[in-house]
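Shown next, in structure tokens, is the structure this report addresses.
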Amino acid sequence: MVSQLKPSLLSVVPQEKPRQPLPMVEGLVQIFTASQRGFFTSVMSQALRSAGQGNTALVVQFLKGGCQQGPDQPIRLGQNLEWVRLGVPGCVDTPDITDDEAIALKQLWAFTVEAIHSGHHELVVLDELTLAVDFGLIPEAEVVQLLSDRPRHVDVILTGPRVSEALLAIADQITELRRGSRY
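When you number the sequence shown by UniProt numbering, it's gap-free, plus one each residue, and the end is 183.
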């Protein structure tokens with residue numbers, strides 16, 4: 001037995017429904033804090049994971065220098081992760097900074113503001129920004145304004161000890177890392 005389709009049935013092409021774009025997920029402001037300074041491994045893991053999933057991520061380290069890596073020389077880790085440090089030879093660990101450090105910090109802050117406002121990165125990590133605010137090196141009001149005015153899809157993670165009440169108030173998630181007692 002042989003079956004045959006009528007030509008009129010072959011020429012019928014189902015109409016595709018127009019695809020609806022996925023709703024944009026609003027980004028979060030997250031704060032990771034601890035009593036001591038140190039880079040948060042879980043935050044870096046989150047940036048790497050996000051970049052590995054195809055999102056663009058930016059890590060900005062405000063008080064760590066030493067790698068000839070200012071805003072004009074970011075390091076790329078893979079195609080989706082940029083890493084920028086303060087463009088000075090050492091690290092800043094006091095509110096009393098040199099003129100060169102002040103200039104470098106001002107340039108890094110301007111770079112960060114522009115990077116966040118551009119909306120290019122889905123995740124921006126601002127390492128030790130809370131300490132820079134605590135030291136009085138970056139005005140708290142400017143940070144609050146930047147976080148309030150950022151594109152809605154951008155996730156921002158702030159790290160560092162001594163987080164101000166104003167920054168805590170704007171955060172969607174706060175993680176405090178503490179050393180536990182041993183058994």
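All C-beta atoms in this analysis are idealised placements derived from N, C-alpha and C, irrespective of residue type, glycine included.
Checklist entry - Quick one: Cα of Ala171 to Cα of Glu16, how far? => result Residue mapping note: residue 171 aligns to position 171 of the sequence shown, counting from 1. Residue mapping note: residue 16 aligns to position 16 of the sequence shown, counting from 1. Taking the straight line joining both Cα atoms gives about 42 Å.
Item to check | Host alpha helix (DSSP H) of Leu129 (start-end) | outcome: Working through the sequence shown from its first residue, we reach residue 129 at position 129. It spans 129-134 - the alpha helix (DSSP H) in which Leu129 sits, taken as one unbroken run.
Next on the checklist: Can you give me the C-alpha to C-alpha distance between Val59 and Leu28, rounded to a whole angstrom?
Outcome noted: Here the question's residue 59 lines up with position 59 in the sequence shown. Here the question's residue 28 lines up with position 28 in the sequence shown. Approximately 16 Å, taken between the alpha carbons.
Item to check | Residue burial classification, Pro71 (beta-carbon count within 10 angstroms, cutoff 16) | outcome: Here the question's residue 71 lines up with position 71 in the sequence shown. Buried is the call here.
Checklist entry - Cβ atoms of Leu146 and Leu126: under 7 Å apart, would you say? => result Your numbering for residue 126 matches position 126 in the sequence shown. Your numbering for residue 146 matches position 146 in the sequence shown. In this structure, Leu146 does not lie closer than 7 Å to Leu126 by Cβ.
Next on the checklist: Using DSSP's beta-bridge definition, name the partner residues of Glu176.
Outcome noted: In the sequence shown, residue 176 corresponds to position 176, counting from 1. Looking at the DSSP assignment, Glu176 forms a beta bridge with Thr33.
Next on the checklist: If distances are taken between C-alpha atoms only, which option among Leu86, Gln107, Gln30, Gly87 comes closest to Gln173?
Outcome noted: Working through the sequence shown from its first residue, we reach residue 173 at position 173. Nearest of Leu86, Gln107, Gln30, Gly87 to Gln173, Cα basis: Gln30.
Checklist entry - Thinking C-alpha only, which one of Arg76, Pro139, Asp155 is nearest Val25? => result Position 25 of the sequence shown, counted from the start, is the residue given in the question as residue 25. When each option's Cα is compared against that of Val25, the closest is Asp155.
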